[in-house]
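Residue numbers (this note's numbering), protein chains in the order written: chain E, 276 to 890; chain W, 18 to 348.
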Amino acid sequence: MEEEIIKDSIFRIGSVTSVDGRAIRVSVDKAKNSSHLLYKGDLVKNVSVGSYIKIIKGFTKIIGKVEGEYTIEDKVYSNKEYSSDKEKISRTLNISLLGFFNKKEFERGIKEMPLIDNECYLLDREEFNSVHDFIRKEDEPLTIGTLTLEKGQEIQVGIDSLFASHIGIFGNTGSGKSYTLAKIYHELFKKYKDQPNFQANAKFFLLDFNGEYVNENDNIIVEKEFKQIYKLSTKANGDKFPVSTETLYEPSFWAVVLEATEKTQTPFIRRAISNSWLTERLNSNDTIISLIKSKLLLAIDKNDKELGSKIVIEFLSDIENCLPANNLSEIIDTLRENLQYWNQGNEFVYIIEPGNWKFKDDMKQYVSADIDTLEITNIAFNSLDKLKLQIVFQYYDDIIKGHANREHLSPLIKRMEKRFEDIRKVIEINDNINNQKNFTIVSLKDVNIHMRKILPLLLCKQLYDEQKEKNDETTYLNIIVDEAHNILSRDSDRESEQWKDYRLETFEEIIKEGRKFGVFLTIASQRPSDISSTIISQLHNYFLHRLINNNDILAVEKTISYLDKLSFEYLPILPTGTCILAGLTAQVPVVIDIGKIEEEHEPNNKTRSLIKNWK
Amino acid sequence: MNENTTLTFEEKEIIRVSILGKYYDTVISKNPIIVDDTKVEANKTLVMDNYKEFLVLLNTIVLKRKSSILNKQVNLFTTNIDVFFEKALEVTQLEYNDGFYGRFNPVFSLTNFKKSLFKKSLHYDNTSEIPVFNLLKVHGSLTWKSEKEKIVYSELKEIEEIKSKWNAVKTKVIDFATTDKLSHFITEVASKTHDTTFNDFLVAYDKLAVVNPTKEKFQDTILNLHYYELLRVLSNELEKENTILFILGFSLADEHIREIVLRAANSNPTLAIKVFAYDSAAKTTIEENVKKGNTTIRYNNIDFIEPVAPENYDFKTINANIFKAVLDKID
Numbered sequence: 276m277e278e279e280i281i282k283d284s285i286f287r288i289g290s291v292t293s294v295d296g297r298a299i300r301v302s303v304d305k306a307k308n309s310s311h312l313l314y315k316g317d318l319v320k321n322v323s324v325g326s327y328i329k330i331i332k333g334f335t336k337i338i339g340k341v342e343g344e345y346t347i348e349d350k351v352y353s354n355k356e357y358s359s360d361k362e363k364i365s366r367t368l369n370i371s372l373l374g375f376f377n378k379k380e381f382e383r384g385i386k387e388m389p390l391i392d393n394e395c396y397l398l399d400r401e402e403f404n405s406v407h408d409f410i411r412k413e414d415e416p417l418t419i420g421t422l423t424l425e426k427g428q429e430i431q432v433g434i435d436s437l438f439a440s441h442i443g444i445f446g447n448t449g450s451g452k453s454y455t456l457a458k459i460y461h462e463l464f465k466k467y468k469d470q471p472n473f474q475a476n477a478k479f480f481l482l483d484f485n486g487e488y489v490n491e492n493d494n495i496i497v498e499k500e501f502k503q504i505y506k507l508s509t510k511a512n513g514d515k516f517p518v519s520t521e522t523l524y525e526p527s528f529w530a531v532v533l534e535a536t537e538k539t540q541t542p543f544i545r546r547a548i549s550n551s552w553l554t555e556r557l558n559s560n561d562t563i564i565s566l567i568k569s570k571l572l573l574a575i576d577k578n579d580k581e582l583g584s585k586i587v588i589e590f591l592s593d594i595e596n597c598l599p600a601n602n603l604s605e606i607i608d609t610l611r612e613n614l615q616y617w618n619q620g621n622e623f624v625y626i627i628e629p630g631n632w633k634f635k636d637d638m639k640q641y642v643s644a645d646i647d648t649l650e651i652t653n654i655a656f657n658s659l660d661k662l663k664l665q666i667v668f669q670y671y672d673d674i675i676k677g678h679a680n681r682e683h684l685s686p687l688i689k690r691m692e693k694r695f696e697d698i699r700k701v702i703e704i705n706d707n708i709n710n711q712k713n714f715t716i717v718s719l720k721d722v723n724i725h726m727r728k729i730l731p732l733l734l735c736k737q738l739y740d741e742q743k744e745k746n747d748e749t750t751y752l753n754i755i756v757d758e759a760h761n762i763l764s765r766d767s768d769r770e771s772e773q774w775k776d777y778r779l780e781t782f783e784e785i786i787k788e789g790r791k792f793g794v795f796l797t798i799a800s801q802r803p804s805d806i807s808s809t810i811i812s813q814l815h816n817y818f819l820h821r822l823i824n825n826n827d828i829l830a831v832e833k834t835i836s837y838l839d840k841l842s843f844e845y846l847p848i849l850p851t852g853t854c855i856l857a858g859l860t861a862q863v864p865v866v867i868d869i870g871k872i873e874e875e876h877e878p879n880n881k882t883r884s885l886i887k888n889w890k
Numbered sequence: 018m019n020e021n022t023t024l025t026f027e028e029k030e031i032i033r034v035s036i037l038g039k040y041y042d043t044v045i046s047k048n049p050i051i052v053d054d055t056k057v058e059a060n061k062t063l064v065m066d067n068y069k070e071f072l073v074l075l076n077t078i079v080l081k082r083k084s085s086i087l088n089k090q091v092n093l094f095t096t097n098i099d100v101f102f103e104k105a106l107e108v109t110q111l112e113y114n115d116g117f118y119g120r121f122n123p124v125f126s127l128t129n130f131k132k133s134l135f136k137k138s139l140h141y142d143n144t145s146e147i148p149v150f151n152l153l154k155v156h157g158s159l160t161w162k163s164e165k166e167k168i169v170y171s172e173l174k175e176i177e178e179i180k181s182k183w184n185a186v187k188t189k190v191i192d193f194a195t196t197d198k199l200s201h202f203i204t205e206v207a208s209k210t211h212d213t214t215f216n217d218f219l220v221a222y223d224k225l226a227v228v229n230p231t232k233e234k235f236q237d238t239i240l241n242l243h244y245y246e247l248l249r250v251l252s253n254e255l256e257k258e259n260t261i262l263f264i265l266g267f268s269l270a271d272e273h274i275r276e277i278v279l280r281a282a283n284s285n286p287t288l289a290i291k292v293f294a295y296d297s298a299a300k301t302t303i304e305e306n307v308k309k310g311n312t313t314i315r316y317n318n319i320d321f322i323e324p325v326a327p328e329n330y331d332f333k334t335i336n337a338n339i340f341k342a343v344l345d346k347i348d
């Protein structure tokens, strides 16, 4: 009893003076103007903006957050000769209501409003913990940091409520995004990496645009042995990411890679890739050679003035580029010299030597004989080359037969060479991808700009489709994209509308439908305003670091409904390593200091010290 | 002393002189050296440096706490009767209050404590409070001298007087170097003869207004108004809200002080007490001393702080590890 009275006198901070709609005002007792109180050997923070108070109305405990305070100097006391400094200031607090205590448990939402003169108290440790206890009963806790405003108060989030959700981590460069990202997954792995079920069922896929999560010893986030790392490169020899044949034979993907126009080029690609007749014939050297011969003879047979002998040479050169090792160049040289288009006769002619011309069937025989000398070194060339060959065959087939206009398709074929070259450097076809490890990191640091756009899409789509196909309850896939504005940006002038739509649709589908198949996205970005608002608004949990750009702040304000006014105003002034956690997992948005990661598991994203390098 | 043993008045006086003489030798006689700047001693300088460091650190911490609603006074309660604090405060030129008022015949009174000092800035006439140390010597001080029911300021002249009287009896009393147990003490008494010089010593000694390490210690503190009042100040200060008490070099063995501290701790949950132990053995001793008190600790507001071995918490390390660290954190 006595203790209750003592406690009340220490924790009471004032009483309600006005209730105006949802805005509550509290006048603070004059004895409670100091910044901290001592209670039972603990330091308790006194009321200030951002802290919580408890308003007692009968037996109901209503919890509110202090959103503002202002002070009036008490003239009566100030003018007195004999006074105490404590008495000079009258503080008034603006409170917004958050929730209430129901059977010792905190619940969000308001059922009752306070009355004038209701007493207000600070929260004691137990109540404070219960407001910040974000763990649902059947959930497991994961400690990710401490409260910024209450030193030493650890913040735990529920593993289910955080990781079975799409997570967004936003903040300017240098505000600690990558660290936060590394921290939450580091903690998760620390807890689960040795669990056999986790190892079997959970997959994490991290797209790393800047190489922040790979280094020499590769222990970032989690020890090397738990990870599969691909350091892709379009320059030197890098790792190659395994891709299934199925993904490769996806016409819409190639339409995008080759920037095909919608009207003519895309249908062509579709035609080329789904041409199973062609595909079959590309499986053995003999059939390829006979295919080449038949196409060549077809071209010659057409005797098309427009195409002339040029088409034969071009056709063979393109084929040459697709095959790994061959003697086609010799054949091309021979044909270039000998096979001519005779304008007067409107037909092809084979010139064995000056004056010795062969026409019609004779000519064909000579050509066939030349082609027969073709030897393809028996290297099983990979599906990529095969696919390319298939497109080339289809192209010449279409042109020779007159199904397609050459002017329409040739730009596509020209682009193809470079694109295939890039793609070949970073992926390999492997139909039995048997990855035992939970965590895959793909570093795109050394990949050129074009591939940076294409690869994430290719990889994510493949993973998503695989997971979608499995469609079981136990497996889990988390696609983590750092610097997500690289691939999720809403407006980009460099790329075509079609490509953009395809790109966004893919990720929007993951974010909208992924949950059903156990696919979740974690995106980190410094430009939330750049990212499609559909994606931002579908995220469930947010870690918001310092944001300075007005557009970014507005984007966050518009799309994140979990954020209160005060947290929102914190955004531009958050220090590095401090962020606001808001969303499903937190009952109230809280400002937290992200905890430390052991040095060897830290991402390598240190801000550079100029002075150290210059002295 | 054993109640069953009956001692004559003379024998009691011999014992009393022996104890006070020893106290004089070990604690009191060296104090004039503390004040005398012409006498340089390595030990003295070391101790004095610790005191100075301590005061300067506290002064800076209080000065840096910019809060108009809290005063800038630091209360130093000490059971020491020596003049290290006074000298250190003087040397460091910090403002302090030892309870005396006046220049010619300074008189001690409790009402002289708790004065705030304000200073005006030279240029804008802005006023600001400056930190003040209240030096509360609960066992009296060598700067105290009782004179006609009053305590007046002593310039340590009495110590010289006692010295001559002590030298006269020194050889005639029990020597602590050979005797440390009480039983020996009693047998030893018989071999000593009593004479009038003993009384001379006691008369000179009694001019000192300090609590002596004799059995009358507690009577002294309770009966004597001033000691009692100082303990009341301690008690009052500990009852205030958001008070912190640092205990250095004091094991809470003194039961009258321990009771006050524990009572305050148990009635004031906003009080924080930090007790520094010399080492982990000392920590155990202090914790046992606290348990001897009649009350249990209800609010968990007493912290026993032991050093990380092999370090020991002497005055110097506490200054460096605790108060300096606090200041560094503020900066």
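Using N, Cα and C, we set each Cβ at its ideal position, and we do this for glycine too.
Where residue i falls, given that 16 or more other Cβ within 10 Å makes a residue buried
i      : result
Y345/E : exposed
E177/W : exposed
M276/E : exposed
N19/W  : Only weak support exists for where N19/W lies, its pLDDT of 48 falling under 50; the coordinates are left without a value.
W529/E : buried
K300/W : buried
I183/W : The sequence as given places Trp at residue 183/W; Ile does not occur at that position. Looking at its Cβ environment, which holds 16 or more other Cβ atoms inside 10 Å, W183/W is buried.
Q619/E : exposed
N143/W : exposed
Y170/W : buried
N761/E : buried
Y141/W : exposed
R297/E : exposed
N308/E : buried
P230/W : exposed
S133/W : exposed
G446/E : buried
For residue i, the three-state DSSP class (helix, strand or coil)
i      : result
N618/E : coil
E429/E : strand
K585/E : helix
E20/W  : Low confidence applies to E20/W: its pLDDT is 49, below 50, so where it sits in the model is not reliable enough to give any reading.
S658/E : helix
G852/E : coil
R287/E : strand
N338/W : helix
L557/E : coil
F121/W : coil
Own chain partners of residue i with C-beta closer than 6 Å, once the 5 adjacent residues on each side are dropped
i      : result
H683/E : T539
H815/E : S440, H441, G858 and L859
Close beta carbons around residue i, own chain, < 7 Å, minus the five adjacent residues each side
i      : result
D399/E : F286
Cβ neighbours of residue i in the same chain (closer than 8 Å, five flanking residues each side left out)
i      : result
N746/E : F792
L93/W  : F102, F150, N151, L152 and L153
The region 778 to 797 of chain E / the region 754 to 766 of chain E touching (three or more Cβ pairs under 8 Å) | Yes, they touch.
Within the region 805 to 846 of chain E, note down every full alpha helix (DSSP H) run reaching 4 residues or more, in order along the chain.
-> 808 to 813, 825 to 834 and 840 to 845
Can you find at least 3 beta carbon pairs, one from the region 473 to 481 of chain E and one from the region 709 to 725 of chain E, that sit closer than 8 Å?
-> yes
Check whether the region 839 to 856 of chain E touches the region 864 to 884 of chain E, counting contact only when three or more Cβ pairs, one atom from each stretch, lie closer than 8 Å.
-> yes
Run through the region 56 to 106 of chain W for me and flag every whole alpha helix (DSSP H) of 4 or more residues, listed as ranges in chain order.
-> 59 to 81
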